[in-house]
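So the mapping is simple: our numbering equals the position in the sequence shown, first residue as 1, plus 824.
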Amino acid sequence: TPTLAMIDSPAPASDRLQTLRTRLAPLKEDPGSVMEALYVAQELFGYVSPESIEVIAEELGYPEAHVFGVVTFYTMFYTEPQARSIVRVCRDLSCHIAGAPGIAAAIEARAGIRNGQSTADGKLKLELVSCLGQCDRQPALLVGLDVHGPVDEADAVRLVDQILGAE
825 TPTLAMIDSP APASDRLQTL RTRLAPLKED PGSVMEALYV AQELFGYVSP
875 ESIEVIAEEL GYPEAHVFGV VTFYTMFYTE PQARSIVRVC RDLSCHIAGA
925 PGIAAAIEAR AGIRNGQSTA DGKLKLELVS CLGQCDRQPA LLVGLDVHGP
975 VDEADAVRLV DQILGAE
């Protein structure tokens, strides 16, 4: 699971690239491991950097264009630095009916941002997304890789306060 310590690591990018190479070693035998490799890169850098795409392509034996194509196809991968915490609010039907619009509005009001924006300090980004696959827990939201649900507006505001208070 990605942690703030990893993303905010004072380790130079070259050290993180070496860590990436080390963590990719067990994936070399699996031809379908590109997505897992991208998750590792994003965990280490906070996004999938051009340098990490080069390393993944080299280590797993794919053309860089293939790796880049996977990165840009899936919405969970980022090619630019992101906020430390990304809050994804499900906006599909069951979550919508259960109160997702109010939850999104509460997050926007508390954090002072709109959908797709990050706070000025880079601690939080809000994304309204399609189904999180948590219809049994609606309304649901995702903070990083942690699912929260069912949540109400007060729960969402508490999560925002925890994120914004985190150092």
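Yeah, the Cβ is synthetic: ideal placement off N, Cα and C, and Gly gets one too.
Return the Cβ separation of I987 and L948 in integer angstroms, given the expectation that the two are a contact with Cβ distance under 8 angstroms. 5 angstroms
Are there any heavy atoms of the ligand COA lying less than 6 angstroms away from the beta-carbon of C919, as far as the coordinates show? With respect to the ligand COA, the structure offers nothing, as it holds no ligand at all.
Who are the Cβ neighbours of E932 in its own chain at under 8 angstroms, not counting the five residues just before and after it? R938, N939 and L950
Is D970 helix, strand or coil when you go by DSSP? strand
Alpha-carbon to alpha-carbon, G968 and G870: 11 angstroms
Closest by C-alpha distance to G946, when choosing among L862, G885 and V984: V984
So, at 7 angstroms on beta carbons, what are the nonlocal neighbours of V981 in its own chain, with the 5 sequence-adjacent residues on each side left out? A930 and R934
Kindly list the residues whose CB is nearer than 8 angstroms to the CB of S954, restricted to its own chain and excluding five residues on each side of it in sequence; keep chain order. C914, R915 and D916
Measuring only the C-alpha atoms, how far is V879 from L966? 29 angstroms
Using 8 angstroms for Cβ pairs, my map puts E977 next to G926. What's the rounded Cβ distance? 5 angstroms
Among S876, E853 and E867, whose alpha-carbon lies nearest the alpha-carbon of E888? S876
Quick check on S876: does DSSP put it in helix, strand or coil? helix
Starting from V984 and walking both ways along the alpha helix (DSSP H), at which residues does that stretch end? E977 to G989
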